[in-house]
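Respectively, the protein sequence lines represent chains A and B. So my numbering is basically just the index in the first sequence, starting at one, shifted up by 4. So my numbering is basically just the index in the second sequence, starting at one, shifted up by 552.
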Amino acid sequence: MQLFLFWCFALLMLVFGAAVVLNRNPVASALSLVVSFLGLAALFMMLDAYFIGIIQVLVYAGAVMVLFLFIIMLLDFRVETLRKINWPAAIGGALVAFIFLIQVLTVIGRLSTASKPFPPLARSTTDDVHNVGELLFTNYNFPLQIIGVLVLVATIGVVVLSKRELPNK
Amino acid sequence: MITLGNYLAVSGMLFTIGFAGVMLRRNIVIILMSLELMLNAANLSLVAFSRFHVDPTTGWPNYNAQVFVFFIITVAAAEVAVGLAVIVALYRARQTTHIEDINTLKY
């Protein structure tokens, strides 16, 4: 049952991930991205990482997707969809990606720990929000503060970037 | 039985899809979406390793990796916001999001 669910969510994630790349309509790409991330969140929850799964849904399906759709709505993409595909470049890129996939799968195949199943947990439900939060505020307190500064800088940067030049200089 | 290799293979495939998107697509917004796919593929393998390394004393997964994933998600969200602001500024200057039209630095 667990294996069946794993392949269901993995296929959902991979098929819609491929749809992000293959769709010529950017709105369809953005919506495929959300479905792909929902599949990924389900995989996180299968790995008992409930907190990460929840923030995956909140941040990506909530914030990032809205941002992408908003930008796509703001820009005019009608000319983009009519462009011709540069076939030699597309085939070359696909070939490079394919070789990369073969390499990754070869490395995973040679890894001795890769064929081992996951060890059982002490309890079926883990207190992962509590544990991650405790680590964040003890061991990783300094990185957390740096992340706060980073987000502040990003906010200011976005405001500066998207501000129009004043007409009277 | 689900093994660690299953998750790593799926993560590698998702990364390859994102990589192919960066290589194949010429629309800068789609390239940003493909970057997000690659970041999330890395997150998936991190969480898989976190679940794989169960602490023998407490019986819990290794939460250091999950803290790391939390940081990656935060940075990725900030990166998307800045990236999209750059794209809007670029569109305002050039009226295009096609990367073959943005080649001033090439010459």
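Heads up, the beta-carbon is just placed ideally off N, CA and C, and yes, glycines get one too. Just so we're clear, the structure is a prediction, and the values are computed from it rather than from any experiment.
Environment of residue i [buried if 16+ CB atoms lie within 10 Å]
{"i": "residue 149 (chain A)", "result": "exposed"}
{"i": "residue 660 (chain B)", "result": "Residue 660 (chain B) lies beyond the stretch modelled for chain B, which goes from 553 to 659, so this question has no answer here."}
{"i": "residue 586 (chain B)", "result": "buried"}
{"i": "residue 77 (chain A)", "result": "exposed"}
{"i": "residue 107 (chain A)", "result": "exposed"}
{"i": "residue 56 (chain A)", "result": "buried"}
{"i": "residue 89 (chain A)", "result": "exposed"}
{"i": "residue 52 (chain A)", "result": "buried"}
{"i": "residue 659 (chain B)", "result": "exposed"}
{"i": "residue 60 (chain A)", "result": "buried"}
{"i": "residue 564 (chain B)", "result": "buried"}
{"i": "residue 649 (chain B)", "result": "buried"}
{"i": "residue 556 (chain B)", "result": "buried"}
{"i": "residue 567 (chain B)", "result": "buried"}
As assigned by DSSP and simplified to three states, the class of residue i
{"i": "residue 30 (chain A)", "result": "helix"}
{"i": "residue 121 (chain A)", "result": "strand"}
{"i": "residue 605 (chain B)", "result": "coil"}
{"i": "residue 568 (chain B)", "result": "helix"}
{"i": "residue 110 (chain A)", "result": "helix"}
{"i": "residue 592 (chain B)", "result": "helix"}
{"i": "residue 555 (chain B)", "result": "strand"}
{"i": "residue 579 (chain B)", "result": "strand"}
Spatial distance of residue i from residue j (CA atoms)
{"i": "residue 165 (chain A)", "j": "residue 633 (chain B)", "result": "11 Å"}
{"i": "residue 147 (chain A)", "j": "residue 157 (chain A)", "result": "15 Å"}
{"i": "residue 119 (chain A)", "j": "residue 25 (chain A)", "result": "31 Å"}
{"i": "residue 151 (chain A)", "j": "residue 32 (chain A)", "result": "32 Å"}
{"i": "residue 91 (chain A)", "j": "residue 65 (chain A)", "result": "33 Å"}
{"i": "residue 68 (chain A)", "j": "residue 629 (chain B)", "result": "7 Å"}
Three Cβ pairs or more, each shorter than 8 Å: is that satisfied between the segment 587-599 of chain B and the segment 105-120 of chain A? no
For the segment 610-617 of chain B against the segment 94-107 of chain A, are there 3 or more C-beta pairs whose distance is under 8 Å? no
Contact between the segment 575-589 of chain B and the segment 630-643 of chain B is defined here as three or more beta-carbon pairs at a separation below 8 Å; is this criterion met? As far as the Cβ criterion goes, the segment 575-589 of chain B touches the segment 630-643 of chain B, which means the pair count is three or higher.
Does the structure place the segment 11-22 of chain A close enough to the segment 39-49 of chain A that three or more beta carbon pairs sit under 8 Å? Cβ pair count under 8 Å is three or more, so yes.
Closer than 8 Å, Cβ to any Cβ of chain A: which residues of the segment 565-577 of chain B, in chain order? 565, 566, 567, 568, 569, 570, 571, 572, 573, 575, 576 and 577
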